[in-house]
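Participant:
There are 4 protein chains.
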Amino acid sequence: MPTTSQDEKIPRKKAVRDAPKRLRDPVQTQAKILAAAKAEFSKVGLGGARIESIAEKAGVNKRMIYEYFKGKEELFQSVLEEAWTSIRTAESELELDHLAPVDAIRALMKFTWDYYLKHPEFMSLVNSENLHRARHVRKSQRFRELHTGFIDMLQRILDRGVASGDFRPGVDARQLHLTLAAVGYYYLTNRHTGEVIFGFDFLAKEALQARLEFNIDTVLSVLRPR
Amino acid sequence: MPTTSQDEKIPRKKAVRDAPKRLRDPVQTQAKILAAAKAEFSKVGLGGARIESIAEKAGVNKRMIYEYFKGKEELFQSVLEEAWTSIRTAESELELDHLAPVDAIRALMKFTWDYYLKHPEFMSLVNSENLHRARHVRKSQRFRELHTGFIDMLQRILDRGVASGDFRPGVDARQLHLTLAAVGYYYLTNRHTGEVIFGFDFLAKEALQARLEFNIDTVLSVLRPR
Amino acid sequence: MPTTSQDEKIPRKKAVRDAPKRLRDPVQTQAKILAAAKAEFSKVGLGGARIESIAEKAGVNKRMIYEYFKGKEELFQSVLEEAWTSIRTAESELELDHLAPVDAIRALMKFTWDYYLKHPEFMSLVNSENLHRARHVRKSQRFRELHTGFIDMLQRILDRGVASGDFRPGVDARQLHLTLAAVGYYYLTNRHTGEVIFGFDFLAKEALQARLEFNIDTVLSVLRPR
Amino acid sequence: MPTTSQDEKIPRKKAVRDAPKRLRDPVQTQAKILAAAKAEFSKVGLGGARIESIAEKAGVNKRMIYEYFKGKEELFQSVLEEAWTSIRTAESELELDHLAPVDAIRALMKFTWDYYLKHPEFMSLVNSENLHRARHVRKSQRFRELHTGFIDMLQRILDRGVASGDFRPGVDARQLHLTLAAVGYYYLTNRHTGEVIFGFDFLAKEALQARLEFNIDTVLSVLRPR
DNA sequence: AATGAATGAGACTTCATTCAT
DNA sequence: TATGAATGAAGTCTCATTCAT
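Protein chains in written order, with full-length UniProt numbering: chain A, 1 to 226; chain B, 1 to 226; chain C, 1 to 226; chain D, 1 to 226.
(1) Would you say Y116 of chain C reaches chain D, if we count a Cβ-Cβ gap shorter than 9 angstroms as a contact?
(2) Name the chain C residues whose beta carbon is nearer than 7 angstroms to that of R174 of chain D?
(3) Starting from the beta carbon of R156 of chain B, find every residue of chain A whose beta carbon is closer than 7 angstroms, and list them in chain order.
(4) Evaluate S78 of chain B with the Cβ neighbour count: other Cβ atoms within 10 Å of its Cβ, from every protein chain shown; 16 or more gives buried, anything less gives exposed.
(5) Just to check my reading of the structure: S42 of chain C and S124 of chain C have Cβ atoms closer than 8 angstroms, yes? What is that Cβ distance to the nearest angstrom?
(6) Check whether chain D comes within 9 angstroms of I151 of chain C, counting only Cβ atoms and requiring the distance to be less than that.
(7) Helix or strand or just coil, what does DSSP make of G165 of chain B?
(8) Mind listing the chain A neighbours of H119 of chain B? Cutoff is C-beta to C-beta under 8 angstroms, in chain order.
(9) Quick one: list the residues of chain D neighbouring R106 of chain C, beta-carbon separation under 7 angstroms, in chain order.
(10) How would you label S92 of chain B, buried or exposed, when you count the other beta carbons within 10 angstroms and need 16 or more for buried?
(11) Does any residue of chain B have a CB that is nearer than 9 angstroms to the CB of N61 of chain A?
(12) Quick check on the burial criterion: 16 or more other C-beta atoms within 10 angstroms. Buried or exposed for V222 of chain B?
(13) Measuring only between beta-carbons, confirm whether L203 of chain B sits less than 9 angstroms from chain A.
(14) Does the CB of T85 of chain C have a neighbour CB from chain D at under 9 angstroms?
(15) Ends of the alpha helix (DSSP H) at G47 of chain B?
(16) Can we say the stretch 200-209 of chain A touches the stretch 30-41 of chain B, given the rule of at least three CB pairs closer than 8 angstroms?
(17) Cα separation between R211 of chain A and Y185 of chain A?
(18) Whole angstroms is fine: what's the gap from L75 of chain C's alpha carbon to I65 of chain C's?
(19) Is there a Cβ from chain B that is less than 9 angstroms from the Cβ of Y187 of chain A?
(20) P120 of chain A by DSSP, collapsed to three states: which one?
(21) Please classify G194 of chain C: is it buried, with 16 or more other beta-carbons within 10 angstroms of its beta-carbon, or exposed?
(22) Quick check: the Cα distance between L146 of chain A and E81 of chain A, rounded to an integer number of angstroms?
(23) Under 9 angstroms, Cβ to Cβ, is there at least one residue of chain A near V102 of chain B?
(24) Measuring alpha carbon to alpha carbon, tell me which residue in C:F122, C:F167, C:R133 is nearest T85 of chain C.
(25) Decide if T218 of chain C is buried, meaning its Cβ has at least 16 other Cβ atoms within 10 Å, or exposed.
(26) State the DSSP-derived secondary structure class of H132 of chain D, mapped to helix, strand or coil.
(27) Throw me the rounded Cβ distance for the Y116 of chain A and L188 of chain A pair, which I believe falls under 8 angstroms.
(28) Can you check which of these residues, D:A55, D:L108, D:K57, D:E73, is closest to I157 of chain D by C-alpha distance?
(29) Let me check understanding here. Comparing Cα to Cα, which of D:W113, D:Q175, D:G199 lies closest to I216 of chain C?
(30) Flag this pair as yes or no: are the beta carbons of G45 of chain C and G47 of chain D separated by less than 9 angstroms?
(31) Report the three-state DSSP secondary structure of G184 of chain B (helix, strand or coil).
(32) For T89 of chain D, tell me which candidate among D:L99, D:H98, D:F111 has the shortest Cα-Cα distance.
(33) Count the other CB atoms, across all protein chains shown, that sit within 10 Å of the CB of G161 of chain C; report buried if there are 16 or more and exposed otherwise.
(34) Counting along the chain, where does the alpha helix (DSSP H) carrying L212 of chain C start and finish?
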């Protein structure tokens with residue numbers, strides 16, 4: 001029931017009236033709640049989020065949240081599922097298997113970096129969920145399914161790189177993935193304290209460019225045959 | 001219950017200090033509050049933390065928190081200051097300037113990794129503070145002072161490495177530091193979701209060992225002359 | 001406990017209203033809160049009033065006070081508005097313009113006196129608001145509107161009295177009003193200390209009668225032509 | 001113990017040191033507490049007053065308030081006693097028996113008016129005490145003694161005025177006193193709401209002058225033989 | 001005499017959640 | 001489906017007061 005399924009257009013009762021205010025549209029109501037909840041959770045965390053605030057932002061009645069999501073915790077879980085589905089879906093659309101190994105790594109890193117920049121809530125949500133020791137996604141079947149075959153894709157790239165002589169053998173795909181994500185994630189998620197410590201604007205165009213290049217350089221270095 | 005014994009007249013300053021529970025010791029009271037607060041904040045975040053819970057853990061009266069720290073936000077700020085002071089102090093005691101460049105990098109990474117492992121609250125606190133856009137440390141003079149000259153140390157190592165031919169020139173000390181921290185931090189802070197995704201125990205001895213080595217390898221790779 | 005009976009399906013709008021305890025009636029809930037708050041504030045002042053006590057007296061959930069009135073200060077403001085609206089409304093219903101000047105003054109003083117006696121909370125509230133330097137009514141648009149044209153009525157009486165030779169000219173309507181109110185108000189509001197000082201019962205029938213007569217005599221004396 | 005006894009100068013231990021900070025001076029400590037308490041109580045009432053705030057204003061340790069005055073209620077009572085002693089003392093120093101009847105009334109009204117203006121806290125305290133139904137002064141022996149023979153003085157003036165033909169007979173001294181005080185008190189104590197209602201500055205020089213004259217005129221009018 | 005530390009009760013307010021329509 | 005009203009628990013913070021030095 002909490003699924004969004006955004007495309008279906010239900011012909012509602014022959015459309016007796018054109019419904020100027022989009023009343024009674026459960027699909028959209030759920031979507032609005034999810035979007036508002038994502039914003040709220042990512043801004044103040046699970047503990048700091050307020051159901052009332054989410055309902056207001058979503059423009060729906062507070063009661064609807066309970067109707068569709070049962071409660072705060074379940075809503076948080078749905079938000080997490082939605083967020084992770086989103087990034088993994090986009091990632092899979094990259095079709096990295098069609099690229100040369102080095103290009104594939106570059107593309108994946110560029111994609112990850114851009115995704116983080118465009119969806120900073122994602123990192124917040126990941127942090128929050130880890131603060132709570134992953135107790136929400138741990139219960140989610142959907143979450144697990146999302147990652148089956150996910151590391152295989154990276155492994156295939158690595159294998160092709162070794163075969164082509166671009167990469168050294170013996171690199172663990174999981175380690176690589178963690179590093180790949182880490183160097184971008186850490187920079188962006190901790191940019192606020194970083195700015196106080198280092199005294200420069202982490203989101204300035206050149207700074208972003210420099211960081212991305214350094215990160216790609218780092219990952220390619222560790223992959224390079226010696 | 002807080003009083004130890006009501007009627008006894010202790011001859012002042014005679015007993016050599018055998019009172020086991022040090023009553024009326026503001027310094028210790030504050031320390032206990034800080035310790036309890038650090039645990040609480042790192043476990044559930046600023047929004048999720050409960051003053052009452054902190055007071056209980058600290059074994060002090062709720063009121064004392066307001067006496068010494070004014071309020072929740074200020075307490076959080078104090079916790080942050082204390083935590084960052086702690087890691088920077090320990091770090092500075094490494095005396096990396098006395099080590100060969102490669103060894104210095106290794107030592108710094110090992111230290112950082114071990115510190116994170118021994119003080120996982122530190123990463124939680126950093127995450128929390130960034131969730132709140134660094135609004136607490138931004139107000140802290142003490143925090144800023146903590147980091148003056150902090151990056152210079154790393155720069156000196158880099159310079160020595162370039163001079164000795166161990167490192168390639170042109171590497172930015174701040175980028176290096178961010179990467180250095182990132183690869184360990186990300187692995188540890190996101191280990192809960194990581195375990196669900198990857199399906200192995202991130203804190204297993206061999207896993208930890210493997211990760212540290214991979215991280216050091218990564219950083220040294222990017223520093224290596226080409 | 002708040003529910004009357006859970007299963008019965010009342011045919012909507014059929015019962016002529018025999019529900020004895022009107023559940024879910026926001027208008028009445030607000031009215032009950034206001035009434036209880038007026039009693040509490042007038043008994044112990046703004047600083048001494050307890051939200052919990054008000055909620056109990058009103059028979060509503062504490063939360064409702066915040067739902068409808070935002071907070072203690074705003075509730076106090078609403079109480080003041082209601083109280084002042086009440087006295088001004090009753091006053092305006094006297095239709096003093098239809099009475100002979102002397103009778104109009106008498107009627108106004110009798111009304112004021114009786115109103116104070118019947119609504120002693122009013123004086124308490126006025127005192128409290130002045131203790132707080134009128135900061136609540138100052139913010140109230142409704143309060144200001146209440147008094148437009150309010151002094152004109154008295155001025156018309158004065159003018160008619162001067163024309164008829166009953167009153168001397170040159171008496172300021174505002175001074176008159178202040179005196180008119182003062183002589184009754186002071187006696188009643190300070191009657192507790194007054195009783196300790198003077199040693200008689202200020203609310204005894206004869207005492208009340210004597211005071212009212214003295215007051216009317218006083219005001220008519222100062223109005224009398226010389 | 002709570003008495004102030006302002007004049008005695010205790011020669012403290014031969015004045016070993018000149019005590020630059022006036023430490024350990026119980027008389028002054030009590031006086032400072034009383035002064036601060038009077039200010040606080042008159043500003044926010046008994047319910048709104050804060051012991052801590054009083055101690056701070058007085059520049060003494062909070063504990064001292066309990067040492068000298070037992071508690072908040074008792075402190076309030078002491079403040080009331082002190083305040084009423086003060087006005088009655090000053091009043092008695094007028095020596096009205098030496099003035100012509102009309103002049104005596106004028107002098108008394110002028111005195112009362114000026115006293116209210118100079119000590120506006122007095123009115124606040126009276127209001128507060130009446131809010132609490134005089135429960136503090138009722139317990140005070142000292143308070144009662146203060147007013148013995150107090151109304152007799154006014155009666156003597158009235159009697160002399162009747163004898164001289166200046167005043168009509170039959171006026172009750174207590175009624176007169178109440179009116180005398182009322183017309184000034186009401187104007188001043190309710191000036192804040194009055195200013196919002198009437199829209200002029202109640203404390204402006206001319207306004208004060210006009211009010212005093214109107215008040216004296218009022219009282220002399222009701223006393224005048226018909 | 002004076003002080004700083006400590007306390008427990010209770011203040012205002014907010015929250016997630018359920019009820020009734 | 002949707003909504004507004006209502007609730008009880010709990011949260012942050014404040015207060016008058018006492019304890020120990």
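Cβ atoms here follow ideal geometry from the backbone N, Cα and C, with glycine treated the same way. The model shown is predicted, which means the values in this text are computed figures rather than measured ones.
Facilitator: Let me lay it out:
(1) Looking up residue 116 of chain C in the third sequence gives position 116. By this cut-off, Y116 of chain C is not an interface position.
(2) Taking the first residue of the fourth sequence as position 1, residue 174 of chain D is located at position 174. Going along chain C in sequence order, the residues near R174 of chain D (Cβ under 7 angstroms) are F198.
(3) As a position in the second sequence, residue 156 of chain B is number 156, starting the count at 1. Neighbours of R156 of chain B on chain A: none; closest Cβ ~17 angstroms, over 7 angstroms.
(4) Within the second sequence, residue 78 of chain B is the residue found at index 78, counting from 1. Label assigned to S78 of chain B: buried.
(5) Position 42 of the third sequence holds residue 42 of chain C. Position 124 of the third sequence holds residue 124 of chain C. Contact flag correct, Cβ pair sits at about 4 angstroms.
(6) Walking along the third sequence from the start, residue 151 of chain C turns up at place 151. I151 of chain C counts as touching chain D.
(7) Numbered from 1 along the second sequence, position 165 holds the residue referred to as residue 165 of chain B. The DSSP-derived three-state label of G165 of chain B is coil.
(8) Residue mapping note: residue 119 of chain B aligns to position 119 of the second sequence, counting from 1. Within chain A, no residue comes near H119 of chain B; the closest Cβ sits about 16 angstroms away, beyond 8 angstroms.
(9) Here residue 106 of chain C refers to the residue found at position 106 when the third sequence is read from its first residue. What R106 of chain C touches in chain D: nothing, since even the nearest Cβ is about 15 angstroms away.
(10) Here residue 92 of chain B refers to the residue found at position 92 of the second sequence. The C-beta of S92 of chain B has fewer than 16 other C-beta atoms within 10 Å across all chains shown, which makes the residue exposed.
(11) Locating residue 61 of chain A in the first sequence gives position 61, where the first residue counts as 1. No, no contact with chain B.
(12) Residue 222 of chain B sits at position 222 when you count from the first residue of the second sequence. Buried is the call here.
(13) Here residue 203 of chain B refers to the residue found at position 203 of the second sequence. Not one chain A Cβ lies under 9 angstroms of L203 of chain B.
(14) Counting from 1 along the third sequence, the entry for residue 85 of chain C is found at position 85. Residue-level contact by beta carbon fails for T85 of chain C and chain D, as no gap is shorter than 9 angstroms.
(15) Here residue 47 of chain B refers to the residue found at position 47 when the second sequence is read from its first residue. Residues 26-48.
(16) Not touching, per the Cβ criterion.
(17) Here residue 211 of chain A corresponds to residue number 211 of the first sequence, with the count starting at 1. Here residue 185 of chain A corresponds to residue number 185 of the first sequence, with the count starting at 1. Computed Cα separation, rounded: 11 angstroms.
(18) Looking up residue 75 of chain C in the third sequence gives position 75. Looking up residue 65 of chain C in the third sequence gives position 65. Cα to Cα, the separation comes out at about 8 angstroms.
(19) Along the first sequence, read from residue 1 onward, the residue named residue 187 of chain A stands at position 187. So yes, Y187 of chain A belongs to the interface.
(20) Looking up residue 120 of chain A in the first sequence gives position 120. Three-state result, P120 of chain A: helix.
(21) In the third sequence, the residue the question calls residue 194 of chain C occupies position 194. Per the 10 Å Cβ criterion, buried.
(22) For the purposes of this step, residue 146 of chain A is taken as residue 146 along the first sequence, with counting starting at 1. For the purposes of this step, residue 81 of chain A is taken as residue 81 along the first sequence, with counting starting at 1. So the two alpha carbons sit approximately 9 angstroms from each other.
(23) Taking the first residue of the second sequence as position 1, residue 102 of chain B is located at position 102. No, V102 of chain B does not count as interfacial toward chain A.
(24) By one-based count along the third sequence, residue 85 of chain C stands at place 85. Ranking C:F122, C:F167, C:R133 by Cα distance to T85 of chain C puts C:F122 first.
(25) Locating residue 218 of chain C in the third sequence gives position 218, counting from the first residue. Buried, by the Cβ-count rule.
(26) The residue given as residue 132 of chain D occupies position 132 in the fourth sequence. Coil.
(27) By one-based count along the first sequence, residue 116 of chain A stands at place 116. By one-based count along the first sequence, residue 188 of chain A stands at place 188. Right, their Cβ atoms sit about 5 angstroms apart.
(28) Within the fourth sequence, numbered from 1, the residue matching residue 157 of chain D stands at position 157. The shortest Cα separation from I157 of chain D among D:A55, D:L108, D:K57, D:E73 belongs to D:L108.
(29) For the purposes of this step, residue 216 of chain C is taken as residue 216 along the third sequence, with counting starting at 1. Ranking D:W113, D:Q175, D:G199 by Cα distance to I216 of chain C puts D:Q175 first.
(30) What you label residue 45 of chain C is simply residue 45 of the third sequence in a count that begins at 1. What you label residue 47 of chain D is simply residue 47 of the fourth sequence in a count that begins at 1. Yes, they are a contact pair.
(31) For the purposes of this step, residue 184 of chain B is taken as residue 184 along the second sequence, with counting starting at 1. Residue state, collapsed to three classes: helix.
(32) Looking up residue 89 of chain D in the fourth sequence gives position 89. Cα-wise, what sits closest to T89 of chain D is D:F111.
(33) Position 161 of the third sequence, counted from the start, is the residue given in the question as residue 161 of chain C. Its Cβ being crowded by 16 or more others within 10 Å, G161 of chain C is buried.
(34) Position 212 of the third sequence holds residue 212 of chain C. Per DSSP, L212 of chain C belongs to the alpha helix (DSSP H) from 205-223.
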